[in-house]
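Input: a single structure, listed below in structure tokens.
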Amino acid sequence: MAMNFPDKSKRLRERIKLALPVRVRCRESKGYEWVELSRLLDVTPFGARFTLAHATERGRLLHLTLPMPRQLRCFDHVEDQYLVWALVRHIKQHFSADITDAARRQQQQQQQQQGAAVRFEVGVAFTGKHPPASYIADPSTLYVVDALAPGSNLWSVREDDKAADGASARSQETRLGMAINVLVEVFDEAGEIRSSEQTVTENISRHGAAVWTTLEVERGRFVRLTSLEHGLSLIAAVRAQRKGPDGIPRLHLEFIDREWPLEGIE
101 MAMNFPDKSK RLRERIKLAL PVRVRCRESK GYEWVELSRL LDVTPFGARF TLAHATERGR
161 LLHLTLPMPR QLRCFDHVED QYLVWALVRH IKQHFSADIT DAARRQQQQQ QQQQGAAVRF
221 EVGVAFTGKH PPASYIADPS TLYVVDALAP GSNLWSVRED DKAADGASAR SQETRLGMAI
281 NVLVEVFDEA GEIRSSEQTV TENISRHGAA VWTTLEVERG RFVRLTSLEH GLSLIAAVRA
341 QRKGPDGIPR LHLEFIDREW PLEGIE
């Protein structure tokens, strides 16, 4: 059956609702990757939206495989599948479209308090057939959109300078040296909890924390940090793993989905 698409000028601007299957592959670190099958929410020649059970963050590169309509492709017009690299531009918690605002708030509160499974809505920009060389060296590198590549609808990317600046700013951010009881959970390739440990924070700020843990988690991976005492559960990216002068290993975490509210504990 023929598929009708808007003319080119509109097509470049408007999202087309197509629930196409998409295979998403992510290398969180040099030694760890996952693959998830999902469906598009909508698509343009520039990018797409879909949902994921796996956590990711803005600035990460994902590899997509999907039966993209040939009218929307920038390359590989005769191939059955469109294999394209994509940059995460937006990510937020996903809820069903027919859920009421009250039910949405209740569900979000339950997820935060109980550490329940969360699904994410991800918006990506298509960047081309090959990843940058720096990604091959370090798949946890964060990128930003630079400009549309001349003669195509693909975005060029560059390394995110603000990521390094942000790390410096976070290191200078006021951290409270306090032991908050937390549960650290590590996800497996299927997005399920692989391992967990009850521990305490060494210090904490609105944007991150250092926690003592014996869990082996590489830089670039994602974990969930839950505090039953504060009724809060956050997704965090592992920015560093080190041993302190006391010989105890620590994970340095950056919260990616929300801030930790320090009101009442400062």
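Note that our numbering gives residue 293 to position 193 of the sequence shown, counting from 1, and the numbers run on in steps of one.
Don't be surprised by glycine CBs; every beta carbon is placed ideally from N, CA and C.
What is the DSSP secondary structure of residue i, reduced to helix, strand or coil?
i	result
Ser252	coil
Lys229	coil
Lys262	helix
Gly223	strand
Thr367	The structure shown does not extend to residue 367, since the chain spans only 101 to 366, so no value can be given for it.
Ser296	strand
Val218	coil
Thr274	coil
Asp346	coil
Ala290	coil
Arg358	coil
With residue i as the anchor, note down where its alpha helix (DSSP H) starts and where it stops.
i	result
Ile236	233-237
Pull up the distance between the alpha-carbon of residue i and that of residue j, whole angstroms please.
i	j	result
Lys343	Gly291	28 Å
Leu164	Pro345	43 Å
Asp357	Arg160	14 Å
Cys126	Leu276	33 Å
Glu285	Val178	44 Å
Between which two residues does the beta strand (DSSP E) carrying residue i extend?
i	result
Pro349	349-355
Leu120	Note, Leu120: premise wrong, no beta strand (DSSP E); not H, not E.
Phe285	Here residue 285 turns out to be Glu, not Phe, going by the sequence shown. Looking at the DSSP string, the run of the beta strand (DSSP E) that includes Glu285 is 281-287.
So if DSSP puts residue i in a beta bridge, which residue, or which two residues, is it bridged to?
i	result
Phe146	Paired residues: none, contrary to the question.
Leu140	Phe150
Arg133	It is Glu, not Arg, that sits at residue 133 in the sequence shown. Looking at the DSSP assignment, Glu133 forms a beta bridge with Arg127.
Ala340	His352
Please give the ranges of any beta strand (DSSP E) in the stretch 304-334, keeping only runs that are unbroken, at least 3 residues long and fully inside the region. 308-312, 322-327
Let me know the beta strand (DSSP E) ranges lying completely inside the stretch 154-187, each 3 residues or longer, listed in chain order. 161-166
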